[in-house]
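Asker: Following the UniProt record's numbering from start to finish, the sequence shown increments by one per residue and tops out at 225.
Glycine residues also receive a C-beta, built at the ideal position from the N, C-alpha and C atoms.
This one's a predicted model, so the numbers in the text were calculated from it and none came from an experiment.
This is the structure, below, for whatever I ask next.
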Amino acid sequence: MSNIVLEAKNISKTFSEGKSHVEVLKGLSLQVHAGEFVSIVGSSGSGKSTLLHVLGGLDRPTEGEVFLNDKRFDNLNETHRGNLRNAHLGFVYQFHHLLPEFSALENVAMPLMLRKGTQYKEVKEKAEYLLERVGLSHRLTHKPGELSGGERQRVALARALVAKPQVMLADEPTGNLDRHTAKGIFDLLNDLKAEFNMAMLIVTHDEGLARSADKILHMQDGIWV
């Protein structure tokens, strides 16, 4: 692993409301290499999710810089950042955030359908393959309300992978699942990481699930410890 696909330099993030200021991230730096699996472990409130949002371009740092494929990412306008997110990053959250009125197949296909010039047949084939890969080929037409919690998270994982991202960002992807289901999702993440040759950055409070990472980082009160 030599090339850096995602990098943060001296990231700080402060949230302000009136005269109150809360510094959530305090000068963090991080490098994620192609194909690398990095886990970030810390208790609730340590700043893990905020860091992931900044790295993924969902929020801007108060100070510092974020680079995607060696290009400055955080200072771009929302449209440009959104296009790069769609092309290079995949996201999985603790709560699946599936669209309830759409089927599993439609939810997975959605990121590619938002791109100009996409052909539905090709997108449908990719979505079907990924749902089969995560063990849900028999649930293509089911809506989220008809799926179990573990199945919904598998649909969310397939959706995150449909654009073949360089980096998967996962925020407590197993935090809302029972231990057995959580281990299944985590093992699946590892398998898909290898299949798609992507880097993976997961934030979790579960030390046990994090141990299979190439690198484990510990966060507390917005700093590495």
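In whole angstroms, what separates the C-alpha of VAL54 from that of LYS164?
Answerer: Each residue's Cα considered, the two are about 21 angstroms apart.
Asker: For the beta strand (DSSP E) that contains ASN10, what are its first and last residues?
Answerer: 4-17 is the span of the beta strand (DSSP E), which, as asked, contains ASN10.
Asker: At a Cβ threshold of 9 angstroms, is ARG115 touching chain E?
Answerer: Chain labels in this structure do not include chain E; a single protein chain is all it has.
Asker: How big is the Cα-Cα spacing for GLY82 and ASN10?
Answerer: Cα-Cα distance, rounded: 23 angstroms.
Asker: To the nearest angstrom, how far is it from the Cα of VAL108 to the Cα of LYS126?
Answerer: Each residue's alpha carbon lies about 9 angstroms from the other.
Asker: Would you list the one or two residues that DSSP bridges to GLN31?
Answerer: Paired residue(s): GLU7.
Asker: In three-state DSSP terms, what is MET1?
Answerer: Any reading at MET1 must be qualified, since the residue scores a pLDDT of 44, below 50, and its modelled position is unreliable; the value itself is stated next. Reduced to three states, the DSSP call for MET1 is coil.
Asker: Closer than 7 angstroms by C-beta to PHE37: which residues in its own chain qualify, once you throw out the five before and the five after it? Chain order, please.
Answerer: LYS193, MET200, ALA213 and ASP214, listed in sequence order.
Asker: Give me, in chain order, the residues of the same chain whose beta-carbon lies closer than 7 angstroms to that of GLN94; leave out the 5 immediate sequence neighbours on both sides.
Answerer: Around GLN94: ASP171, GLU172, PRO173, GLY175 and ASN176.
Asker: Could you check whether the region 130-143 touches the region 96-113, counting it as contact only if at least three pairs of C-beta atoms, one from each stretch, sit closer than 8 angstroms?
Answerer: Because the criterion of three Cβ pairs below 8 angstroms is met, the region 130-143 and the region 96-113 touch.
Asker: Starting from MET200, follow the beta strand (DSSP E) in both directions and report where the run begins and ends.
Answerer: Unbroken beta strand (DSSP E) run through MET200: 199-204.
Asker: Taking HIS21 as the reference, which of HIS33, LEU52, THR62 and SER44 has the closest Cα?
Answerer: Of HIS33, LEU52, THR62 and SER44, the residue nearest in Cα terms is THR62.
Asker: For LEU28, which of VAL41, LYS13 and GLY42 has the nearest alpha-carbon?
Answerer: Selected option, being the one with the closest Cα: LYS13.
Asker: May I ask which residues mark the beginning and end of the alpha helix (DSSP H) holding GLY149?
Answerer: 149-161 is the extent of the alpha helix (DSSP H) around GLY149.
Asker: What span of residues does the beta strand (DSSP E) with PHE91 cover, start to end?
Answerer: Where PHE91 is concerned, the enclosing beta strand (DSSP E) stretches over 89-93.
Asker: With 16 as the cutoff for other CB atoms within 10 Å, does ARG159 come out buried or exposed?
Answerer: Burial call: buried.
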